[in-house]
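Reading through the structure tokens given below for one structure.
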Amino acid sequence: MKTIKIRLTLSGVAVFMSLMSVFAQSSPLGKTDFQSYLEAAPGLPNSIEEAAKRAYGANPLQPDVTALEKFFEGFYSKVENAENQYKSYADKLQAYGESQSEEDMIQKAYAESDKNPILRQMGGAEKVSKMSQEEAEVAARAAAAQYIQDPFAGSGVQSAGMTALYQKIVSDPAYAAKFQNMSEKEKEAELRKYMSNDQPQAKTPQQMAQEHQRFEQQMKDKNEVLHAMVINQKITDIQIKIGEVAQKYGEAIQAINNAKGNHIEINADSQQKYDKIPELSFDEAGRHKDPEQVKKLALETANKHRAFAISALKQYAPVLNELRSAYKQICADYLDFLKKNGYKVNGNMDDLFSGTNTELSMVSLELSLLGLSRHIADESKYLTKEIASWEKHYLETKATYQVK
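The sequence shown stops at residue 405 when you use the working numbering, and every number in between is there.
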């Protein structure tokens with residue numbers, strides 16, 4: 002069955018506020034200090050010599066091939082330990098999956114289509130599973146809009162007063178909060194008040210109680226759907242922002258690498274000059290390029306590569322720091338959102354079938370946020386290696402021609 006994300010901005014009832022404290026105490030979501038990991042991710046070296054030492058050890062001419070890995074392994078180990086804190090969620094999902102047969106999973110998925118108001122109005126899980134992504138998104142938006150207008154359609158509830166009460170809760174946040182704080186008896190009395198103008202129907206106390214229960218269930222279902230929409234929309238927004246920030250960083254690095262006088266241009270210019278070097282006769286050794294001019298060109302070319310690498314390093318540093326700052330802001334915004342909306346996170350595994358379980362999606366998001374520090378380290382590692390390679394090339398060229 003397709004996972005459906007509905008991009009709608011909706012205002013709903015602020016219920017289950019008491020779950021906020023329970024969520025804060027029992028869930029590791031929001032407990033990771035993303036800022037500290039982003040700050041701890043190693044940055045770039047301050048010089049090309051430092052880059053070479055980081056990449057090859059004390060002597061680039063006798064390189065330690067493990068030096069760069071050793072430099073970063075401490076940080077990566079810390080991130081891996083933090084990632085392991087989320088292992089309980091993977092275990093939870095695995096245990097749930099092992100407890101369900103394939104037939105059970107299919108039946109639960111289809112059964113949810115009769116319970117979930119959005120899926121029900123879309124035609125049920127089986128119908129949705131046959132839709133294209135575009136068709137599902139269009140149908141979901143239409144069903145969500147219809148549900149907000151008439152939450153009791155198809156539920157067996159026929160009460161203008163009940164619908165009026167629902168609309169009052171949706172449109173008036175102050176009243177919604179007041180309603181949520183009512184006792185069960187007070188809620189029932191409020192419902193009776195709104196239903197007093199309904200067409201007279203002979204109803205027993207038991208029927209009234211059932212109507213009240215249905216109303217409560219509909220409000221709960223609506224609340225779960227709206228909460229899932231809020232959570233999924235935030236996850237989507239964060240993922241888009243991460244993509245935009247990463248793309249901007251990549252474009253900045255590419256611009257530095259492609260600047261005038263870059264390594265490709267240096268090599269092309271060197272090749273043209275090499276082709277023009279005259280050949281000399283060395284008796285039995287045959288004809289070869291003038292060795293003095295070849296030496297001079299090789300040293301000149303190596304020095305140009307080194308100079309460009311030094312210039313690039315100075316430009317890389319602020320770009321990487323800008324990426325780090327942008328990632329910090331994304332994580333700060335997420336934690337602020339979670340602080341205000343944590344009670345909306347639904348961890349009921351059975352609600353995976355209805356699409357309203359958001360806990361696992363949030364876990365995946367937090368792992369992605371933790372992975373942002375890995376990205377900083379990965380880029381630092383890659384750029385360090387790139388810069389160091391030109392210092393190593395420069396030193397090897399000098400050694401080849403015995404130049405101090």
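Cβ atoms here follow ideal geometry from the backbone N, Cα and C, with glycine treated the same way.
Because the structure is a prediction, the values reported are computed rather than measured.
Exercise. Is the stretch 229–243 touching the stretch 275–291 in the sense that three or more CB pairs, one from each, lie closer than 8 Å?
Worked result: no
For this session: Give a yes or no on contact between the stretch 35–50 and the stretch 300–320, applying the rule of three or more CB pairs nearer than 8 Å.
Result: Yes: the two stretches touch, three or more of their Cβ pairs being nearer than 8 Å.
Exercise. Under 9 Å, do Leu69 and Lys393 count as touching if we go by C-beta distance?
Worked result: Here residue 69 corresponds to residue number 68 of the sequence shown, with the count starting at 1. Here residue 393 corresponds to residue number 392 of the sequence shown, with the count starting at 1. Contact: no.
Problem set entry | Simplified DSSP assignment, three categories, for Lys261 | Here residue 261 refers to the residue found at position 260 when the sequence shown is read from its first residue. If DSSP states are grouped into helix, strand and coil, Lys261 belongs with coil.
For this session: With DSSP collapsed to three states, give me the class of Leu39.
Result: In the sequence shown, the residue the question calls residue 39 occupies position 38. Three-state DSSP puts Leu39 in a helix.
Problem set entry | Environment of Asn60 [buried if 16+ CB atoms lie within 10 Å] | Here residue 60 corresponds to residue number 59 of the sequence shown, with the count starting at 1. Counting Cβ neighbours within 10 Å, Asn60 comes out exposed, since fewer than 16 surround it.
Problem set entry | For Arg1: DSSP bridge partner residues | Outside the shown range of the chain, which is 2 to 405, sits residue 1, and nothing can be said about it.
For this session: Compare the C-alpha of Ser326 against each of Glu40, Asn349, Ala260 and name the closest.
Result: Here residue 326 corresponds to residue number 325 of the sequence shown, with the count starting at 1. If we check each option's Cα against that of Ser326, Glu40 comes out closest.
For this session: Could you tell me if Met183 is buried or exposed, where buried requires 16 or more neighbouring beta carbons within 10 angstroms of its beta carbon?
Result: Along the sequence shown, one-based indexing puts residue 183 at 182. Result: exposed.
Problem set entry | Beta-carbon proximity list for Val404, same chain, < 7 Å, skipping 5 on both sides | The sequence position of residue 404 within the sequence shown is 403, counting from 1. Excluding sequence neighbours, Val404 sits near Leu300.
Exercise. Does the separation of the CB atoms of Lys345 and Ile236 fall below 9 Å?
Worked result: Position 344 of the sequence shown holds residue 345. Position 235 of the sequence shown holds residue 236. No.
For this session: Output the residue ranges of the beta strand (DSSP E) runs that lie fully inside the stretch 46–79 and measure 3 residues or longer, sorted by chain position.
Result: Qualifying beta strand (DSSP E) stretches: none in this window.
For this session: Following the continuous alpha helix (DSSP H) through Asp34, name the residue where it begins and the one where it ends.
Result: Numbered from its first residue, the sequence shown carries residue 34 at position 33. Run containing Asp34: none; DSSP gives neither H nor E here.
Problem set entry | Run of the alpha helix (DSSP H) containing Gly372, from where it starts to where it stops | The residue you call residue 372 lines up with position 371 of the sequence shown. Element bounds for Gly372: 360–401.
For this session: Tell me whether Lys54 is buried or exposed, calling it buried when 16 or more other Cβ atoms sit within 10 Å of its Cβ.
Result: Indexing the sequence shown from 1 puts residue 54 at position 53. That one is buried.
Exercise. If you check the beta carbons only, do Phe76 and Ser374 fall under 9 Å apart?
Worked result: Counting from one through the sequence shown, the residue named residue 76 turns up at place 75. Counting from one through the sequence shown, the residue named residue 374 turns up at place 373. Between Phe76 and Ser374, the gap from beta carbon to beta carbon is short of 9 Å.
Exercise. DSSP three-state call for Lys405: helix, strand or coil?
Worked result: Numbered from its first residue, the sequence shown carries residue 405 at position 404. Coil, per DSSP.
Problem set entry | Residue burial classification, Glu136 (beta-carbon count within 10 angstroms, cutoff 16) | For the purposes of this step, residue 136 is identified with residue 135 of the sequence shown, where counting begins at 1. Counting Cβ neighbours within 10 Å, Glu136 comes out exposed, since fewer than 16 surround it.
Exercise. Who are the near neighbours of Lys296 in its chain, counting only those whose CB is closer than 7 Å to its CB and skipping five residues on each side?
Worked result: For the purposes of this step, residue 296 is taken as residue 295 along the sequence shown, with counting starting at 1. Correct list, in chain order: Tyr402.
Exercise. Buried or exposed: where does Glu397 fall if 16 or more other Cβ atoms within 10 Å of its Cβ makes it buried?
Worked result: By one-based count along the sequence shown, residue 397 stands at place 396. Exposed: under 16 other Cβ atoms inside 10 Å.
Exercise. Is DSSP giving Ser184 helix, strand or coil here?
Worked result: Within the sequence shown, numbered from 1, the residue matching residue 184 stands at position 183. In this structure, Ser184 counts as coil in the three-state DSSP scheme.
For this session: Within 10 angstroms of the Cβ of Ile377, are there 16 or more other Cβ atoms? Answer buried if so, exposed if not.
Result: On the sequence shown, position 376 is the one that residue 377 refers to. So Ile377 counts as buried.
For this session: May I ask whether a heavy atom of the ligand GTP can be found less than 8 Å away from the beta carbon of Asp334?
Result: This structure lacks the ligand GTP, and indeed carries no ligand of any kind.
Problem set entry | Where Gly348 falls: helix, strand or coil (DSSP) | Walking along the sequence shown from the start, residue 348 turns up at place 347. Three-state DSSP puts Gly348 in coil, outside helix and strand.
Exercise. CB-CB under 6 Å to Glu387, same chain, minus the five flanking residues each way: which ones, in chain order?
Worked result: By one-based count along the sequence shown, residue 387 stands at place 386. Excluding residues within five positions, none has a Cβ falling inside 6 Å.
Exercise. According to the neighbour-count rule (16 or more other Cβ atoms, all chains shown, within 10 Å of its Cβ), is Glu367 buried or exposed?
Worked result: As a working mapping, residue 367 is identified with position 366 in the sequence shown. Classification for Glu367: buried.
For this session: Let me know if Asn358 comes out buried or exposed under the rule of 16 or more other beta-carbons within 10 Å of its beta-carbon.
Result: Position 357 of the sequence shown, counted from the start, is the residue given in the question as residue 358. Classified as buried, Asn358 has 16 or more neighbouring CB atoms from the shown chains inside 10 Å of its CB.
Exercise. Under a Cβ-count criterion, where at least 16 other Cβ atoms within 10 Å of its own Cβ denotes burial, should Gly262 be classed as buried or exposed?
Worked result: In the sequence shown, counting from the first residue as 1, residue 262 sits at position 261. A residue is called buried when at least 16 other Cβ atoms come within 10 angstroms of its Cβ; Gly262 does not meet this threshold and is exposed.
Exercise. With distances taken from CA atoms, which of Asp337, Gln294, Tyr38 is nearest Lys274?
Worked result: By one-based count along the sequence shown, residue 274 stands at place 273. With distances taken between Cα atoms, Lys274 lies closest to Gln294.
Exercise. When we look at the beta-carbon of Ala52 and count the other beta-carbons within 10 Å, is it buried (16 or more) or exposed?
Worked result: Within the sequence shown, residue 52 is the residue found at index 51, counting from 1. So Ala52 counts as buried.
Problem set entry | Same chain only: Cβ atoms within 6 Å of Ala389, ignoring 5 sequence neighbours per side | Here residue 389 corresponds to residue number 388 of the sequence shown, with the count starting at 1. Closer than 6 Å at Cβ, skipping near neighbours: Ala52, Ala53, Ala56.
Exercise. Going by beta carbon distance, what residues of the same chain come within less than 7 Å of Val80, once the five residues before and after it are set aside?
Worked result: For the purposes of this step, residue 80 is taken as residue 79 along the sequence shown, with counting starting at 1. Same-chain partners within the cutoff: Tyr38, Leu371, Ser374, Arg375.
Exercise. Quick one: Cα of Glu191 to Cα of Ala177, how far?
Worked result: Within the sequence shown, the letter at position 190 stands for residue 191. Within the sequence shown, the letter at position 176 stands for residue 177. Spanning the two alpha carbons is a distance of roughly 12 Å.
Exercise. For Pro29, which option in His306, Ile254, Val364, Leu384 has the closest C-alpha, if you only look at C-alpha atoms?
Worked result: Position 28 of the sequence shown holds residue 29. Shortest Cα-Cα distance from Pro29 to any of His306, Ile254, Val364, Leu384 involves Val364.
Exercise. With a CB to CB cut of under 7 Å and the five nearest residues on each side skipped, what residues in its chain are close to Val23?
Worked result: Residue mapping note: residue 23 aligns to position 22 of the sequence shown, counting from 1. Since pLDDT at Val23 reaches only 32, below the 50 mark, its modelled position is unreliable, and the value read off the structure follows with that caveat. Contacts found: none.
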